[in-house]
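Q: Please find one structure pasted underneath; my questions will follow.
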Amino acid sequence: MSLTKGKVHLGRFPKRWGYVATLLLAVDLPRCLLASSGDRSWDFQACLQHCRTTGCTALLYSSSSRQPSQTCPDACNQFEQRVADHMSGSVRKESVSGGGDKISRLGGTQDALPQPMPLPLRVFRWSCEDDCKYHCMWAVEAWKSSANGNEGRFMTEKYYGKWPFLRVLGMQELASVLASLANLLAHALCLRRLSAEVHATLRLGSHPGGSGSCDRKPPVPIIPTNPSYGRSSYPFLWLWTTYGILHMNAWFWSAIFHSRDTRWTERLDYVSAISLIAFGLFAAIVRMVWAPGHRRHLLVAVTAVAVAAGLAAHLYYMLYIKFDYGWNMRVCVAVGVATAGLWLGWCAWTRHPARWRMYTFLSFVHLSMLLEVLDFPPLGGLLDAHAAWHVATVALTPLFYSWLHADVQAAAAPEADLKRKDT
303 MSLTKGKVHL GRFPKRWGYV ATLLLAVDLP RCLLASSGDR SWDFQACLQH
353 CRTTGCTALL YSSSSRQPSQ TCPDACNQFE QRVADHMSGS VRKESVSGGG
403 DKISRLGGTQ DALPQPMPLP LRVFRWSCED DCKYHCMWAV EAWKSSANGN
453 EGRFMTEKYY GKWPFLRVLG MQELASVLAS LANLLAHALC LRRLSAEVHA
503 TLRLGSHPGG SGSCDRKPPV PIIPTNPSYG RSSYPFLWLW TTYGILHMNA
553 WFWSAIFHSR DTRWTERLDY VSAISLIAFG LFAAIVRMVW APGHRRHLLV
603 AVTAVAVAAG LAAHLYYMLY IKFDYGWNMR VCVAVGVATA GLWLGWCAWT
653 RHPARWRMYT FLSFVHLSML LEVLDFPPLG GLLDAHAAWH VATVALTPLF
703 YSWLHADVQA AAAPEADLKR KDT
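Per this note's numbering, residue 303 is the first one in the sequence shown, and the count goes up by one each step.
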């Protein structure tokens, strides 16, 4: 959505509002100290306070040669209130000769009713406060960009912990939204293919020479049943199905959060992400310690209880004690590194036939995370380092599922064959 969607006025800003904005800024300063450098700036806070009281943004400058720009955000139209004011006589009524009708006029010109908030802003529940922040942010950045050539260099700053993004159809971070949806689709397609492959293999393996669609060549060779794993040729389908569903859930809430950053969408995004990471550790342990007989049920239960207890403790701290971003990041990194270490060690120890796929996958996953360290401002107001990271994970999803396809064969093969060299 264009920055200048609302009506723009240029003119001398009343001096008295400078005193009001300064006073309000002083009252609001303690809260501002907890924010980012961009929203802590005097220009931004003065603009925001003015927008809160008038419904329009404005920038104040000490130089008399600079004319402040003023924009009235769409979410601050106060449509219902202005209609009420209009109908209650806030505009002057004048008698017009010719029929004795009375027509509402303001300054001799027909007063037009304000337009309602655009549909995208209503869908994503943009308030006047939120719209004021958005327009003030871009007003400050636009001024800095225009002043760079004459008065020195002004770097792009973060506002409330985020870079300035161009809003598109009411969505705050379009590139991250699209990348999250692409990840969701990739997992849905890959999981469907994996499930169909395993079930087709089992049906053909149990009933060779069957009729109908089972006569077609399966997507992978028919695999024998390994007595070590019980009746099923691949007993981990439930594990990876659950893992894939959690991936899709996490990417869904990621798309919602990047569309509209609110308290609840942020919580749901963080909870779904840490739940996915915790289950990834659980899945790795279960795949590695799976044992024949009733022992496997005990091992799975013990692992599930331990991981669930750790996850519950972390979520309780984050949701009810302190929503600590730094602590959450450290926990996620620690669990992710532990999971990667387990996979690397297990694949090397068992000489898994597809171990190099896992090595490649883990290497690229951790290399892609370096994009988060770069943390550059969004290119074109849309693509930042975080969005680029999400784009990279789309390409890595088929690589992980290709390892699972190979694991279908490895799990059913005799133990001696599991240690053969990867060809």
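The beta-carbon is built from N, C-alpha and C at its ideal position, and this holds for glycine as well. Please read all numbers here as calculations on a predicted model, not as lab measurements.
Hey, would you say residue 552 sits closer than 8 Å to residue 578, going by beta carbons?
A: Yes.
Q: Measure the alpha-carbon distance for residue 425 versus residue 472 and round it to whole angstroms.
A: So the alpha carbons of these two residues sit roughly 8 Å apart.
Q: Judging by CA-CA distance, which residue of 670, 583, 690 and 671 is the nearest neighbour of residue 679?
A: Residue 690 is the option with its Cα nearest to residue 679.
Q: Determine the contact status of residue 546 and residue 493, defining contact as a CB-CB distance below 8 Å.
A: Yes, Cβ-Cβ distance for residue 546 and residue 493 is below 8 Å.
Q: Going by alpha carbons, who is nearest to residue 430 out of 486, 495 and 352?
A: Taking only the C-alpha atoms, the option nearest residue 430 is 352.
Q: If you check the beta carbons only, do residue 609 and residue 583 fall under 8 Å apart?
A: Contact: yes.
Q: For a quick check, are the C-beta atoms of residue 348 and residue 685 less than 8 Å apart?
A: No. Outside cutoff.
Q: By a C-beta neighbour count over all protein chains shown, 10 Å radius and 16 as the cutoff for buried, is residue 728 buried or exposed?
A: Examination of residue 728 is not possible in this model, given that the chain is present from 303 through 725 alone.
Q: Reducing DSSP to helix, strand and coil, say where residue 536 ends up.
A: Residue 536: coil per DSSP, three-state reduction.
Q: Verify whether the separation of the beta carbon atoms of residue 475 and residue 560 is less than 8 Å.
A: Yes, these two residues count as a Cβ contact at 8 Å.
Q: What does the Cβ neighbour count give for residue 340, buried or exposed, with the cut at 16 atoms within 10 Å?
A: Under this definition residue 340 is a buried residue.
Q: Does residue 464 come out as helix, strand or coil in the three-state DSSP assignment?
A: The answer is strand: DSSP assigns residue 464 an E or B state.
Q: Residue 586 and residue 544 - do their beta-carbons sit closer together than 8 Å?
A: No, the Cβ-Cβ distance between residue 544 and residue 586 is not below 8 Å.
Q: For residue 728, which three-state DSSP category applies?
A: Any question about residue 728 goes unanswered here, given that the chain covers just 303 to 725.
Q: Please determine if the segment 693-706 and the segment 628-639 are in contact, where contact requires at least 3 C-beta pairs separated by less than 8 Å.
A: Touching, no.
Q: Are the beta-carbon atoms belonging to residue 467 and residue 683 less than 8 Å from one another?
A: Their beta carbons are under 8 Å apart, which means residue 467 touches residue 683 by this criterion.
Q: How long is the line joining the alpha carbons of residue 508 and residue 557, rounded to whole angstroms?
A: Low confidence applies to residue 508: its pLDDT is 40, below 50, so where it sits in the model is not reliable, and the reading given next is rough at best. Their Cα atoms are separated by approximately 42 Å.
Q: Just the C-alpha distance for residue 368 and residue 570, rounded to the nearest angstrom, thanks.
A: Residue placement at residue 368 cannot be trusted, given a pLDDT of 49 that sits under 50; what the coordinates show is reported in the next sentence. So the two alpha carbons sit approximately 44 Å from each other.
Q: Assuming residue 434 and residue 355 are in contact, meaning their beta carbons sit under 8 Å apart, how far apart are those beta carbons, in whole angstroms?
A: About 10 Å; that fails the 8 Å criterion.
Q: Note down, in chain order, each residue of its chain lying with its Cβ closer than 8 Å to the Cβ of residue 612, except the 5 sequence neighbours on either side.
A: Only 580 meet the Cβ criterion.
Q: Determine the contact status of residue 361 and residue 441, defining contact as a CB-CB distance below 8 Å.
A: Result yes, Cβ atoms of residue 361 and residue 441 sit closer than 8 Å.
Q: Scan the segment 574-646 and note each continuous alpha helix (DSSP H) run of 4 residues or more that stays entirely inside, going in chain order.
A: DSSP runs (the alpha helix (DSSP H)) wholly in the segment 574-646: 597-618.
Q: Comparing C-alpha positions only, which one of 481, 377 and 439 sits nearest to residue 345?
A: Here the closest residue by C-alpha is 439.
Q: Find out if the Cβ-Cβ distance for the pair residue 730, residue 592 is shorter than 8 Å.
A: Shown here, the chain extends from 303 to 725; a query on residue 730 therefore has no answer.
Q: Taking the straight line between their C-alpha atoms, what separation do you get for residue 385 and residue 445?
A: Model confidence at residue 385 stands at a pLDDT of 44, short of 50, so the residue's coordinates are unreliable; what they give is reported in the following sentence. Near 34 Å, if we compare the C-alpha coordinates of residue 445 and residue 385.
Q: Suppose contacts are defined by Cβ-Cβ distances below 8 Å. Is residue 565 in contact with residue 427 by that definition?
A: No, they are not a contact pair.
Q: Tell me the residue span of the alpha helix (DSSP H) that contains residue 348.
A: Note, residue 348: alpha helix (DSSP H), 344-356.
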